[in-house]
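Presented below is the structure to which this report refers.
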Amino acid sequence: MERCWKAVYTYLIFGTIMLLIYEYSHMYELAIIYEIIFIFIYIYHSLNYLGSKNTIKFIFLGYFTSLLIEIIGVNSGYPFGRYYYTSLLGPRIYGVPYAIPLFWVSIIYFAGIAGNFRLYSVPFLMVILDLSFDPRFSLHLWHWIKPGIYFGVPLSNFAGWFAASLIIMAVIGIFIKFNKYRISINGMLFYVLFGYFQALEDAVSGLLKLAVVSTIMFTIILIIFLIIQFSVNKKILMPQKM
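Going by the numbering used here, the first residue of the sequence shown is number 12, and it counts up by one from there.
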């Protein structure tokens, strides 16, 4: 296994330990630290996976595209709905913490590897992740002015996440040519494990129903990934016609 993937899986183990500490200390700052570490893990992985040149492009394009979308979202309500950020994430520009675009970039990167960086699959995988963590994060990191029917989150937020992810990937795809035939088993595995970890975080946060929903969602994704991998292996093993 490549060293960059070992670092990613170690991150999940470390996160589980931090969750146990949080369960007894209830220090929400631990969640902030965990997310910051995630950003550094992403950068390390990307430097090894995409190379330094494409990593710089990915961060630059993803950061400023998502920042623009977030600024529009916070100040207009489109495309996510009306919300505002709390002070936990630090300094802000036009209501958006400087750290938020880095979260976008790191999450969409790993969703991109799992989805083979395809324009139609990455936004879908991003929405699945948001269905798991947005209700939890909106308890502390941001608040909805008009709570919605999905564990307090408006459905418009998920349509907004799909649109935002589509735009970000489209912009990045103009400048980075991904190898779309390079299906990553580790990428799919990490996405599912990261999803199960979100379900665990939901449970620790007291959102037990959300944890169940999250577990079901990522189990379905796991089955889809297994079907895709089986299909790919079958094509490889099929004898070529003369």
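Every residue, glycine too, gets a C-beta built ideally from N, C-alpha and C. Owing to the predicted nature of the structure, the values given are computational and were not obtained by experimental measurement.
Nonlocal neighbours in the same chain, by C-beta distance under 7 Å from Ser57, ignoring five residues either side: Along the sequence shown, one-based indexing puts residue 57 at 46. Excluding sequence neighbours, Ser57 sits near Thr66, Phe69 and Tyr120.
Bounding residues of the alpha helix (DSSP H) (the contiguous stretch that carries His154): Reading the sequence shown from its first residue, position 143 is the one you call residue 154. Where His154 is concerned, there is no enclosing alpha helix (DSSP H), although the beta strand (DSSP E) it sits in stretches over Trp153 to Trp155.
N- and C-terminal bounds of the beta strand (DSSP E) containing Tyr94: In the sequence shown, the residue the question calls residue 94 occupies position 83. From DSSP, the beta strand (DSSP E) with Tyr94 extends over Tyr94 to Tyr96.
DSSP three-state assignment for Ile104, whether helix, strand or coil: Mapped onto the sequence shown, residue 104 falls at position 93. Reduced to three states, the DSSP call for Ile104 is strand.
Selected residue, minimal CA-CA separation from Gly84, among Leu61, Val203, Pro112 and Leu150: The residue you call residue 84 lines up with position 73 of the sequence shown. If we check each option's Cα against that of Gly84, Pro112 comes out closest.
DSSP bridge partner residues for Val164 (one or two, in chain order): Position 153 of the sequence shown, counted from the first residue, corresponds to residue 164. In DSSP, Val164 forms a bridge with Tyr161.
Pair within 8 Å by beta-carbon distance, Ser143 and Val164: Sequence index remark: in the sequence shown, residue 143 carries index 132 (1-based). Sequence index remark: in the sequence shown, residue 164 carries index 153 (1-based). No, they are not a contact pair.
Continuous alpha helix (DSSP H) stretch holding Pro134: start and end: Translated into the one-based positions of the sequence shown, residue 134 becomes position 123. Its alpha helix (DSSP H) spans residues Val133 to Phe148.
Which listed residue (Phe75, Ile28, Val182 and Trp155) has its alpha carbon closest to that of Gly92: Residue 92 sits at position 81 when you count from the first residue of the sequence shown. Checked all of Phe75, Ile28, Val182 and Trp155; the closest Cα to Gly92 is Trp155.
Straight-line gap, Arg129 to Ile239 (C-alpha atoms, nearest Å): As a working note, residue 129 is residue 118 in the sequence shown. As a working note, residue 239 is residue 228 in the sequence shown. Looking at the two C-alpha atoms, the distance is approximately 14 Å.
Within-8 Å CB hit, Ile67 to chain C: Among the chains of the structure shown, chain C does not appear; only one protein chain is present.
Other residues of its chain near Leu30: CB distance less than 8 Å, five sequence neighbours each side excluded: To locate residue 30, count along the sequence shown from 1; it is residue 19. These residues qualify, in order along the chain: Leu211, Glu212 and Val215.
Neighbour-count burial assignment, Leu72, 16 or more Cβ in a 10 Å radius: Taking the first residue of the sequence shown as position 1, residue 72 is located at position 61. Label assigned to Leu72: buried.
Limits of the alpha helix (DSSP H) - the one that Ile38 falls within: Residue 38 sits at position 27 when you count from the first residue of the sequence shown. The identity of residue 38 in the sequence shown is Met, whereas the question assumes Ile. Per DSSP, Met38 belongs to no alpha helix (DSSP H) and is neither H nor E.
Residue nearest to Asn190 in terms of C-alpha spacing, selected from Leu79, Asn127 and Phe51: The sequence position of residue 190 within the sequence shown is 179, counting from 1. Checking every option, the nearest Cα to that of Asn190 belongs to Asn127.
Local Cβ density within 10 Å of Gly171, reported as buried at 16 or more and exposed below that: Your numbering for residue 171 matches position 160 in the sequence shown. Classification for Gly171: buried.
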